[in-house]
Amino acid sequence: MISLRAGDLLLVGRQASVQFSKPILFRVIRVLDRPTYDGWIWLEGYQIDKKGDAVDRRSIFVMKAGLHVAPACRGNRGDHARPARGR
Numbered sequence: 134m135i136s137l138r139a140g141d142l143l144l145v146g147r148q149a150s151v152q153f154s155k156p157i158l159f160r161v162i163r164v165l166d167r168p169t170y171d172g173w174i175w176l177e178g179y180q181i182d183k184k185g186d187a188v189d190r191r192s193i194f195v196m197k198a199g200l201h202v203a204p205a206c207r208g209n210r211g212d213h214a215r216p217a218r219g220r
């Protein structure tokens, strides 16, 4: 089972919950302190697109054992600095 921290990038699919029949990338903001069933958790974070950009802020209810650390995708923080915008 993985330990979750703010900033973690997860691959959330069917193993985490049947609502994710099509897997998504999810960047964790925090683990919510809500009562749940044993082994399940609420996460708050951002759905991430293939370019590494946040496209939607979400709260998701998932089985912790079904979560997987996602392989790094281009554009994620720490990969490289984004170029500064010109004025």
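134 is the number of the first residue of the sequence shown in the numbering used here; add one for each residue after it.
The C-beta atom is built at its ideal place from N, Cα and C for all residues, glycine as well.
Roughly how many angstroms separate the alpha carbons of residue i and residue j, rounded to a whole number?
| i | j | result |
| --- | --- | --- |
| L165 | I174 | 7 Å |
| I181 | L142 | 9 Å |
| I193 | P204 | 20 Å |
| Q148 | S136 | 17 Å |
| Q185 | V151 | It is worth fixing the name first, because residue 185 is Gly in this sequence and not Gln. Taking the straight line from one Cα to the other gives about 24 Å. |
| K169 | K183 | The sequence shown places Thr at residue 169, rather than the Lys named in the question. Taking the straight line from one Cα to the other gives about 31 Å. |
Among the options, which residue has its Cα nearest to the Cα of residue i?
| i | options | result |
| --- | --- | --- |
| Y179 | V161, L200, G199 | V161 |
| L200 | A187, G140, G146, D189 | G146 |
Name the DSSP bridge partner or partners of residue i?
| i | result |
| --- | --- |
| D189 | Q180 |
| F153 | BP columns for F153 are empty, so no partner. |
With a threshold of 16 other CB atoms inside 10 Å of the CB of residue i, please say whether the residue is buried or exposed.
| i | result |
| --- | --- |
| V202 | exposed |
task: With a floor of 3 residues, list each beta strand (DSSP E) that falls wholly inside the segment 159-187, ordered by position along the chain.
output: 173-181
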